[in-house]
Amino acid sequence: MSIRGRLLAGFLVLFVLALGVSGAITAWLVHDYVSDRSVTKLRDDERRIVELVASGPQTINAEQFETMLGPPLGIMGQDAGGDILFAIGSSAGREYELARLAGRAAPGAILETGDDVVAVRVPTPGMRMVYADRPVDDVAHLILVNDPNIDRTATAGFIRSLVLVGLAAVVAFMGLAVLVLRFGLRPLAEMAQAADAIAEGSREERLPVSRPRAETDVLAAAVNRAFDAQARAEDRARTFAADASHELRTPLATISGWLELYRQGGIGGDDVEQAVARIEDEVGRIRLLVEELGLLARLDTGRPLDRRPLDLATLAASVVEDAQVIYARLDIALTAPPDGLPALGDAARLQQVLRNLVGNAVQHNPPGTRVRLTLARDGEEARVDVTDDGSGIPAGDLPRLFDRFWRAEASRSRDYGGSGLGLAIVQAIVRAHGGRVTVRSAPGEGTTVSLHLP
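For the sequence shown, this note's numbering begins at 802 and goes up steadily by one.
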């Protein structure tokens, strides 16, 4: 079933259930009211007869007495021995059952026949009555009978009317429910139209959002965020493919140029070795790029790294020692806790991170730039700061610093053989360890890249 069908079915079940429960309660209350009213009338009539008997011996016409007490009353007379003297009104036809019940019950007790007729026996010593134009002496007891079934018949008619009204209410309610659901579910139809437009290639189309607190608008906003994330992912994928092809095109063009020149006989003698060396350099650049792309792909898939206990101070010391040998004229130093800085991670990958950061600090700054590695505990984290006093990074470039293939100074990066993936790899490795990377920099004030590792 559709959502609309399920809601309509649910509304119908709830409404019918509510009507049924309310009808049952109403019928029970009416039945109870009728029964209570019948007993109350019997007690009132009993009191009137007791008062009448107390006023002294009297001769009473039975038919007139019944009329005086009012319908649906019946009267049955008994003598002192319990024999039936007369029965009129609603007591007629029930004489023997009433006599049997009265013989077992105490005076004043409420009697109830098998067909829910209630009665009470009232002592009337010395009462004389006239029944069918003949005197009846020594009426020792009167049994007053009240038949509530007459009221219950009217009640049954009332309940039938209530059922018919309920059925009409169900029809009217379902009609209103259809209209309400059609109006209430209209946002879903609009969302479906927008989703179809997006599926057909409309990248700018989004699901309509009007009231941020409505459930459908919360859903639309969530779907829009998913579409935005997908669009960003597609843009990144297209940009990544374009940048990767661009990065590969340059060394491949160089290799093709040297090979074509050799094929045409333009290279000979010692120039051949130079051409081979240039080709080897470009092949090395391609190999490095492919390895870095493979590493990023593995990190993007969430493949777990080797996680073992290690000492970041030892890793940093080895990186600084290598850098001091390679860049002998530069001031590169390390500050670390004397007892080391323990962490849990992949030693080779974290060492690669530190080499990338130190290399960037050296290669992308003026000669004579000082580089400092500072290790410290920061609460529950291990913190590694790679700081230089170089030229700094403009504020507009900081948001793109970790984008893949992005270079603030493209020509110089290529001169150093950079692929534009170094900082992207740094960020991916640190995140794979459950950490984060932050950067503080300003033109003329140097740069500090901080690693925060658990």
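Using N, Cα and C, we set each Cβ at its ideal position, and we do this for glycine too. The structure presented is a predicted model; accordingly, all values stated were derived computationally and were not measured.
In the DSSP assignment, I889 is bridged to I876. Bounds of the alpha helix (DSSP H) holding T1115 are L1113 to I1127. By the beta-carbon neighbour count (other beta carbons within 10 angstroms, threshold 16), N862 is exposed. With a cutoff of 8 Å on beta-carbon distance, L1158 and V1250 are scored as near each other.
Nearest neighbour of A1225 by Cα position, chosen from L1097, H1165, L1116 and A1183, turns out to be L1097. For Y932, the beta-bridge partners assigned by DSSP are R935. Comparing alpha-carbon positions, the option among A903, F866 and Q865 lying closest to Q879 turns out to be A903. DSSP, reduced to helix, strand and coil, places L899 within a helical segment of the structure shown. R1130 sits in coil when the DSSP states are folded into three classes, being neither helix nor strand. Between G1191 and T1175, the CB-CB gap reaches or exceeds 8 Å.
In the three-state DSSP reduction, P924 falls in the strand class (E or B). Excluding five sequence positions before and after R1150, the CB atoms of its chain that fall closer than 7 Å to its own CB belong to L1106 and I1230, given in chain order.
Residue burial is scored here from C-beta neighbours: E1083 has at least 16 other C-beta atoms within 10 angstroms and is therefore classed as buried. When the alpha-carbon of E1081 is set against those of V822, P1052 and A888, the nearest one is in P1052.
CA-to-CA, the gap between Q1152 and N1161 works out to about 14 Å.
A distance below 8 Å separates the beta carbons of L1135 and V1121. With a minimum length of 3 residues, the unbroken runs of beta strand (DSSP E) contained wholly in the region 1137-1195 fall at 1143-1146, 1172-1179 and 1182-1189. Counting along the chain, L1254 sits inside no alpha helix (DSSP H); it lies in the beta strand (DSSP E) bounded by residues T1248 to L1254. For L912, no alpha helix (DSSP H) encloses it; the enclosing beta strand (DSSP E) starts and ends at I911 to E913. Per the DSSP secondary-structure output, H942 pairs in a beta bridge with Q879 and P924. Judged by DSSP secondary structure, I1230 falls within the alpha helix (DSSP H) whose first and last residues are G1223 to A1233. Scanning its chain for C-beta atoms nearer than 8 Å, with the 5 sequence neighbours on each side dropped, one finds around L1111 the residues P1143, A1144, L1145, G1146, A1148 and L1151, in chain order. When the Cα atoms are used, I889 and L843 turn out to be separated by approximately 16 Å.
Under the three-state reduction of DSSP output, R1237 falls in the strand class. Cβ-Cβ distances below 8 Å link L1155 to L1116, A1117, V1120, L1174, V1185 and V1187 in the same chain, with the five nearest sequence neighbours on each side left out; the list follows chain order. Remark: fewer than three beta-carbon pairs, one from each stretch, lie closer than 8 Å, so the region 991-1011 and the region 962-974 are not flagged as touching. Taking 8 Å as the cut-off, the Cβ atoms of G1180 and A1243 do not count as close. Annotation: V1163 to R1205 spans about 20 Å, alpha carbon to alpha carbon. With contacts defined by Cβ atoms closer than 8 Å, A1021 and M992 form a contacting pair. Collapsing the DSSP output to three states places S856 in coil. R1037 and D1101 have their alpha carbons spaced roughly 13 Å apart. Taking 8 Å as the cut-off, the beta carbon of I876 is found closer than this to the beta carbon of L945. In the three-state DSSP reduction, L980 falls in the helix class (H, G or I).
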